[in-house]
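Asks:
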Amino acid sequence: MKSQIRRTAIVSALLTAFVAAPIALPNGNSALLGNTAHAAQEKLGPEVSSFFLDNGLQVVVIPDRRAPVVTHMLWYRAGSADEPPGKSGIAHFLEHLMFKGTKTVANGEFSARIAAIGGQENAFTSTDYTGYFQRVTPSALEEMMTLEADRMENLVLTDELILPERDVVQEERNSRTENNPGSLLREAMAAALYQNHPYGIPIIGWQHEIDTLTKEDALAFYDKFYTPNNAILVVAGDVDAETVRSLAEKTYGKVARRAEPGVRKRPTEPTPQAARRIEMADHRVSTPSFQRLYLVPSYNTAEPGEAEALDVLSDILGGGSTSRLYKSLVIDQQIATSSGAWYQGGALDHSSYGFYGAPKPGISLEEVEAATDKEIAKLLEEGVTQEEVERTTRRLVKQAVFSQDSQASLARIYGGSLVLGSTIEDIEAWPQRIQAVTAEAVNKAARKYLQMPRSVTGYLSPKQQEG
Amino acid sequence: MTFVLKMKTLKYAAVVAGGVILSVWATLAQAVEIKPITSPGGINALLVEDYTVPLISVSYSFKGGSTQDLPGKEGTAKLLTNTLDEGAGEITSQDFQIRLQDNGMGYSFSAGYDSFSGGIKALRSDREDSFELLRLMLNEPRFDEAPVERMKASRLNSLRARQANQQYLTGKAVRETLFDGHPYGRPTDGTIETMGALNGDDLRDYMSRVFARDNLVVGIVGAISEEEAGAMLDKVFGALPAKAQLTEVPEINIETGTKKHIEFDTPQTNIRIALPGIKREDDAFFAGYLANYVLGGGSFNSRLYEEVREKRGLAYGVYSYLGTYDHAGIVGAGSATRADRAQQTVDIILAEIERMATEGPTAEELEKAKKYIRGSYAISNLDTSGKIASVLVAIQQANLGIDYIDRRAEYIDGVTLDDAKRIAAQLFGGDPTVITVGRSVE
Numbered sequence: 381m382k383s384q385i386r387r388t389a390i391v392s393a394l395l396t397a398f399v400a401a402p403i404a405l406p407n408g409n410s411a412l413l414g415n416t417a418h419a420a421q422e423k424l425g426p427e428v429s430s431f432f433l434d435n436g437l438q439v440v441v442i443p444d445r446r447a448p449v450v451t452h453m454l455w456y457r458a459g460s461a462d463e464p465p466g467k468s469g470i471a472h473f474l475e476h477l478m479f480k481g482t483k484t485v486a487n488g489e490f491s492a493r494i495a496a497i498g499g500q501e502n503a504f505t506s507t508d509y510t511g512y513f514q515r516v517t518p519s520a521l522e523e524m525m526t527l528e529a530d531r532m533e534n535l536v537l538t539d540e541l542i543l544p545e546r547d548v549v550q551e552e553r554n555s556r557t558e559n560n561p562g563s564l565l566r567e568a569m570a571a572a573l574y575q576n577h578p579y580g581i582p583i584i585g586w587q588h589e590i591d592t593l594t595k596e597d598a599l600a601f602y603d604k605f606y607t608p609n610n611a612i613l614v615v616a617g618d619v620d621a622e623t624v625r626s627l628a629e630k631t632y633g634k635v636a637r638r639a640e641p642g643v644r645k646r647p648t649e650p651t652p653q654a655a656r657r658i659e660m661a662d663h664r665v666s667t668p669s670f671q672r673l674y675l676v677p678s679y680n681t682a683e684p685g686e687a688e689a690l691d692v693l694s695d696i697l698g699g700g701s702t703s704r705l706y707k708s709l710v711i712d713q714q715i716a717t718s719s720g721a722w723y724q725g726g727a728l729d730h731s732s733y734g735f736y737g738a739p740k741p742g743i744s745l746e747e748v749e750a751a752t753d754k755e756i757a758k759l760l761e762e763g764v765t766q767e768e769v770e771r772t773t774r775r776l777v778k779q780a781v782f783s784q785d786s787q788a789s790l791a792r793i794y795g796g797s798l799v800l801g802s803t804i805e806d807i808e809a810w811p812q813r814i815q816a817v818t819a820e821a822v823n824k825a826a827r828k829y830l831q832m833p834r835s836v837t838g839y840l841s842p843k844q845q846e847g
Numbered sequence: 054m055t056f057v058l059k060m061k062t063l064k065y066a067a068v069v070a071g072g073v074i075l076s077v078w079a080t081l082a083q084a085v086e087i088k089p090i091t092s093p094g095g096i097n098a099l100l101v102e103d104y105t106v107p108l109i110s111v112s113y114s115f116k117g118g119s120t121q122d123l124p125g126k127e128g129t130a131k132l133l134t135n136t137l138d139e140g141a142g143e144i145t146s147q148d149f150q151i152r153l154q155d156n157g158m159g160y161s162f163s164a165g166y167d168s169f170s171g172g173i174k175a176l177r178s179d180r181e182d183s184f185e186l187l188r189l190m191l192n193e194p195r196f197d198e199a200p201v202e203r204m205k206a207s208r209l210n211s212l213r214a215r216q217a218n219q220q221y222l223t224g225k226a227v228r229e230t231l232f233d234g235h236p237y238g239r240p241t242d243g244t245i246e247t248m249g250a251l252n253g254d255d256l257r258d259y260m261s262r263v264f265a266r267d268n269l270v271v272g273i274v275g276a277i278s279e280e281e282a283g284a285m286l287d288k289v290f291g292a293l294p295a296k297a298q299l300t301e302v303p304e305i306n307i308e309t310g311t312k313k314h315i316e317f318d319t320p321q322t323n324i325r326i327a328l329p330g331i332k333r334e335d336d337a338f339f340a341g342y343l344a345n346y347v348l349g350g351g352s353f354n355s356r357l358y359e360e361v362r363e364k365r366g367l368a369y370g371v372y373s374y375l376g377t378y379d380h381a382g383i384v385g386a387g388s389a390t391r392a393d394r395a396q397q398t399v400d401i402i403l404a405e406i407e408r409m410a411t412e413g414p415t416a417e418e419l420e421k422a423k424k425y426i427r428g429s430y431a432i433s434n435l436d437t438s439g440k441i442a443s444v445l446v447a448i449q450q451a452n453l454g455i456d457y458i459d460r461r462a463e464y465i466d467g468v469t470l471d472d473a474k475r476i477a478a479q480l481f482g483g484d485p486t487v488i489t490v491g492r493s494v495e
């Protein structure tokens, strides 16, 4: 019933899920595919092509000619983890401000032109990237490229425009975080998990620092990172590569190389030595819940095959109602109403591996935590079976085929993986890599990373309101 | 990364579809051909054949929904959405879940006020197994006690969790204020008492009344021939009863004017505003849809967006919408802002509603609204097979008919400025209900 204005979303679970594991299009020409992978062999993925403009902009084209729609998506290699100390939230604030006009395009005019053709638009900020997209008819692609290229170098900001927008961001933070005890706990847990790396700082920024962000802060971030050699353009949908190339040269090709951001090198995490616990009680909570995070590598930092093994592990342990955790805690012991695990492998630096559970009435958080730990211990001791691994990998490979049905999903998968350092070949080979995962690899990864000193445990509990 | 077929918005899709389907249908028609089909067993559906990707999407909907929950058994339809996949035929819960996972298809069930809907997205190579699993779920669910109790426990946990959830408290207050005494005013998720008392017999009873062929609509899209689609229809739906036994739901005239504040200790106050609306079949629907777009339906370009967010930075989101149900229509608006700015935000939204009632949209605003609504449909709704299947269902739910599709753009273009002003005065001229949930300000 409710329609929410979502401009400038913080990248949420939905999007990170797309890029967490770079789900790929099955590339059916590989002899590596086992005979169980009939789904993958059935259909070649789209003919994805890529090229660079002279100014360094990478352009990726994903044709999908089924409907007269194109998705135009520009990704910058700049996210909240690239912010200067004390300026938390500036990456996301700048994302809002990118809609405020340029030297030649008035505030709101870009949006108005999109609306005039019934198009959609939005933007999103993550720890490692910021993205802008429009979905329009193919005939409007050139106009979108012109306007997006224009705001890559010609942004104009005034205090009159940006101060109300800073209030908007605070209200966005109120909606997402301050009003939501679960979000506050997650924020505190991330801050504890990352002892040195900026992933411990919320993407939207800390409330007290958002209040101090200025026009100069926004422009400094813009001038450092918003340059064609630091961006990836993804165009998916009813268009061919040659058309995109000529339009890109005509539009983005005219943008000067504005900066040399160089290699993104953030402070790194020490080897964790101590398990941490975070507890929060709030009157807005009615039912308790438990969470556990472990510091693990991402697809980008893992040893070959390790991230794929963690994906398979999370599915076996906690992916849905046939998983080990659900069977044990919810079905057999009947002590929890939910129990599961996840791995979020899409990050430039570290990643996290998570567990969650909600106790049934009369059962304590401690009991749910202990039962979760028992399942983890059992897995570390006995390992997963080859049959569990094969069932999971078969299904993951099949699911990759489903992503072909949505040009917007494809644009997110490719953009979100490339912006973190993957290549198109990496993405297309993901099903093969998943199929190559063995029980031994899963067990090795589990034993290496699911160790308490690497963890943060969180309890969220009800609290009686005073007065 | 799990593929999840999200059809939670089927009801919403129907509402939106009402407003915008036909405006760009010509564009879709160029890309795909919609074929009305009838199975050998006599079941009708709309089909779009497309072999570009090896997938098949099927959407279906039974008229009925949560209004068909028996009094005292509120939450039945919602619980059904969690239990149809917990074992069917000879296959018990866990084995059935493994069958579903091995098949890999996406599937979903959802229950709105007026319909029970679902969909699958299957690989062509696995389609026979997928269709068999769907047949089992819709015809022979087991409702064994253990899985039913497990799903109830999960729902009861959610019901308890909500008791201090601001969003839920706001929605509940709106629903109870607007739909007091009507089936729409009942809690569709049930209460701790009604959910706690439900069992497999209640679920079977609901199915026997609502899952039938005469209240069914189906949309099929993807790598499937007409013949295969017909066989699927007979297999999955052919054994259902010919006629549903629906309890009649009365029409409701919405009365507004209630002002209500609910004290809740949290930094941001929720604001909800409501007025009587119109139903989808109203002749003035398109005019109303366009007027609402100008007020608060056009996300980044509406009057509310401009006044509340852009100029004053009062809120992240602000919106208005036409809510169309089978037996009622409402106009809704809302936002959220910190407590000390909540009254100012309410005042601005009310002032804009009043301005729309007295002045209507300008000629320029109406033209822009028409352009947006004509163009947006293909872009928003026709780029995946699942979305197209939902559209095919929505068309049939609203009884629009294939021939109506071609006339749709004319309906939008035919709305005059006087039409828009007239309906704006009607829709926005009443005494609004205003509900706020948050901290009081001294």
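One line per chain: the protein sequences are A and B, in this order. Quick note, this note's numbering runs 380 ahead of the 1-based positions in the first sequence. Quick note, this note's numbering runs 53 ahead of the 1-based positions in the second sequence. Ideal Cβ positions, reconstructed from N, Cα and C, are used throughout, including at glycine. Only a predicted model underlies this, so the values are computations on that prediction, with no experimental measurement involved.
Please state the DSSP three-state secondary structure of V302/B.
Replies: What you label residue 302/B is simply residue 249 of the second sequence in a count that begins at 1. If DSSP states are grouped into helix, strand and coil, V302/B belongs with coil.
Asks: Could you round the C-beta distance between V274/B and D103/B to whole angstroms and report it? I think they count as a contact, below 8 Å.
Replies: Taking the second sequence and counting its residues from 1, the one referred to as residue 274/B is at position 221. Taking the second sequence and counting its residues from 1, the one referred to as residue 103/B is at position 50. Sure, about 7 Å apart at Cβ, within 8 Å.
Asks: With a CB to CB cut of under 7 Å and the five nearest residues on each side skipped, what residues in its chain are close to P93/B?
Replies: Numbered from 1 along the second sequence, position 40 holds the residue referred to as residue 93/B. Only G283 and D287 meet the Cβ criterion.
Asks: Which same chain residues, not among the five before or five after R208/B, have their C-beta less than 6 Å away from its C-beta?
Replies: The residue labelled residue 208/B in the question sits at position 155 within the second sequence. Correct list, in chain order: M248.
Asks: Using DSSP's beta-bridge definition, name the partner residues of K88/B.
Replies: Counted from its first residue, the second sequence places residue 88/B at position 35. According to DSSP, K88/B bridges with L100/B.
Asks: By Cβ distance, which residues of its chain are closer than 6 Å to N609/A, with the 5 residues on each side in sequence left out?
Replies: Indexing the first sequence from 1 puts residue 609/A at position 229. So the qualifying residues of the chain are G436 and R637.
Asks: Could you run through the stretch 493–508 of chain A and flag, in chain order, every residue whose CB is less than 7 Å away from some CB of chain B?
Replies: A495, A496, I497, G498, G499 and Q500
Asks: So what does DSSP say about Q321/B, is it helix, strand or coil?
Replies: Your numbering for residue 321/B matches position 268 in the second sequence. Looking at Q321/B - three-state DSSP - the assignment turns out to be strand.
Asks: Given a cut-off of 7 Å on the beta-carbon distance, is the pair Y733/A and V676/A in contact?
Replies: The count along the first sequence starts at 1 and reaches residue 733/A at position 353. The count along the first sequence starts at 1 and reaches residue 676/A at position 296. Judged by beta-carbon spacing, V676/A lies within the 7 Å limit of Y733/A, meaning their Cβ atoms are closer than that value.
Asks: Taking L269/B as the reference, which of G117/B, E304/B, P329/B and A368/B has the closest Cα?
Replies: Taking the second sequence and counting its residues from 1, one reaches residue 269/B at position 216. The residue with the shortest Cα to Cα distance from L269/B is G117/B.
Asks: Can you tell me the Cβ-Cβ gap for A458/A and A447/A, rounded? I've got them flagged as a contact below 8 Å.
Replies: Walking along the first sequence from the start, residue 458/A turns up at place 78. Walking along the first sequence from the start, residue 447/A turns up at place 67. The pair is not a contact, with the Cβ atoms about 32 Å apart (cut-off 8 Å).
Asks: Run the CB neighbour count on S161/B, radius 10 Å, all protein chains shown included, and call it buried at 16 or more, exposed below.
Replies: What you label residue 161/B is simply residue 108 of the second sequence in a count that begins at 1. Classified as buried, S161/B has 16 or more neighbouring CB atoms from the shown chains inside 10 Å of its CB.
Asks: Please give the ranges of any alpha helix (DSSP H) in the stretch 133–212 of chain B, keeping only runs that are unbroken, at least 4 residues long and fully inside the region.
Replies: 146–156 and 180–192
Asks: Is there a C-beta anywhere in chain B that falls below 7 Å from the one on A471/A?
Replies: Sequence index remark: in the first sequence, residue 471/A carries index 91 (1-based). Cβ-Cβ to chain B under 7 Å: no for A471/A.
Asks: Under the assumption that F670/A contacts G737/A (Cβ atoms under 8 Å), give the Cβ distance between them as a whole number of angstroms.
Replies: Indexing the first sequence from 1 puts residue 670/A at position 290. Indexing the first sequence from 1 puts residue 737/A at position 357. Confirmed, about 5 Å.
Asks: Flag P443/A as yes if its beta-carbon sits less than 7 Å from any beta-carbon of chain B, otherwise no.
Replies: For this step, residue 443/A is matched to residue 63 along the first sequence. For P443/A, the answer is no, since every Cβ of chain B falls outside 7 Å of its Cβ.
Asks: With H, G and I counted as helix, E and B as strand and the rest as coil, what does DSSP make of T752/A?
Replies: For the purposes of this step, residue 752/A is taken as residue 372 along the first sequence, with counting starting at 1. DSSP places T752/A in helix when its eight states are reduced to three.
Asks: Taking DSSP as the reference, what is the three-state secondary structure of S671/A?
Replies: Against the first sequence, residue 671/A aligns to sequence position 291. The sequence given here places Gln at residue 671/A; Ser does not occur at that position. Strand, per DSSP.
Asks: Straight-line CA distance for V748/A to L573/A?
Replies: By 1-based counting over the first sequence, the position of residue 748/A is 368. By 1-based counting over the first sequence, the position of residue 573/A is 193. Approximately 21 Å between the Cα atoms of the pair.
Asks: Tell me which residues of the stretch 304–326 of chain B have at least one Cβ-Cβ distance to chain A shorter than 7 Å, keeping chain order.
Replies: D318, T319, P320 and Q321
Asks: Determine the DSSP secondary structure at A368/B, reduced to helix, strand or coil.
Replies: Counting from one through the second sequence, the residue named residue 368/B turns up at place 315. In the structure shown, A368/B sits in coil (DSSP, three-state: anything other than H, G, I, E or B).
Asks: Put R657/A into one of helix, strand or coil per three-state DSSP.
Replies: By 1-based counting over the first sequence, the position of residue 657/A is 277. In the structure shown, R657/A sits in a strand (DSSP, three-state: E or B).
Asks: Under 9 Å between beta-carbons, which chain B residues line up against S718/A? List them in chain order, please.
Replies: Here residue 718/A corresponds to residue number 338 of the first sequence, with the count starting at 1. Near S718/A (Cβ distances below 9 Å), the residues of chain B are S207 and N210.
Asks: Could you tell me the alpha carbon to alpha carbon distance between E746/A and M569/A, rounded to whole angstroms?
Replies: Position 366 of the first sequence, counted from the first residue, corresponds to residue 746/A. Position 189 of the first sequence, counted from the first residue, corresponds to residue 569/A. Each residue's alpha carbon lies about 18 Å from the other.
Asks: How would you list, in chain order, the residues of chain B whose beta-carbon sits under 7 Å from the beta-carbon of N435/A?
Replies: Position 55 of the first sequence holds residue 435/A. Those do not exist, as N435/A stays about 29 Å from chain B at its closest Cβ, beyond 7 Å.
Asks: Where DSSP assigns a beta bridge to M453/A, which residues make up the other side?
Replies: Sequence index remark: in the first sequence, residue 453/A carries index 73 (1-based). F513/A and V614/A.
Asks: So if I threshold CB-CB distances at 7 Å, which residues from the stretch 549–563 of chain A count as touching chain B?
Replies: E551, E552, N554, S555, E558 and N559
Asks: Enumerate in chain order the residues of its own chain whose CB-to-CB distance from K843/A is below 8 Å, with the five nearest sequence positions on each side excluded.
Replies: Looking up residue 843/A in the first sequence gives position 463. Within the same chain, K843/A has close Cβ partners A661, D662, H663 and V665.
Asks: Below 7 Å CB to CB, which residues in the same chain sit around E418/B once its five sequence neighbours on both sides are set aside?
Replies: Numbered from 1 along the second sequence, position 365 holds the residue referred to as residue 418/B. V347.
Asks: Between the Cα of S388/B and those of G382/B, D379/B and I401/B, spot the shortest distance and give me the residue it belongs to.
Replies: As a first step, residue 388/B must be located in the second sequence, where it is residue number 335. Nearest of G382/B, D379/B and I401/B to S388/B, Cα basis: I401/B.
Asks: Could you give the distance in angstroms between the alpha-carbon of E770/A and the alpha-carbon of P684/A?
Replies: Here residue 770/A refers to the residue found at position 390 when the first sequence is read from its first residue. Here residue 684/A refers to the residue found at position 304 when the first sequence is read from its first residue. Distance from the CA atom of E770/A to the CA atom of P684/A, rounded to whole angstroms, is 19 Å.
Asks: Between Q150/B and chain A, is any beta-carbon pair separated by less than 7 Å?
Replies: Counted from its first residue, the second sequence places residue 150/B at position 97. By this cut-off, Q150/B is an interface position.
Asks: Along the chain, where does the alpha helix (DSSP H) containing N823/A start, and where does it finish?
Replies: Against the first sequence, residue 823/A aligns to sequence position 443. Unbroken alpha helix (DSSP H) run through N823/A: A819 to Y829.
Asks: Taking 7 Å as the limit between beta carbons, can you name the residues of its chain near T482/A, skipping five residues before and five after?
Replies: If you number the first sequence from 1, residue 482/A lands on position 102. Excluding sequence neighbours, T482/A sits near D530, R531, N534, L535 and V536.
Asks: At 7 Å on the CB atoms, spell out the chain B contacts of T702/A, in chain order.
Replies: Translated into positions along the first sequence, residue 702/A becomes position 322. Result: Q147, Q150, I151 and Q154.
Asks: Classify A292/B as helix, strand or coil using the three-state DSSP reduction.
Replies: If you number the second sequence from 1, residue 292/B lands on position 239. Here A292/B sits in coil by DSSP.
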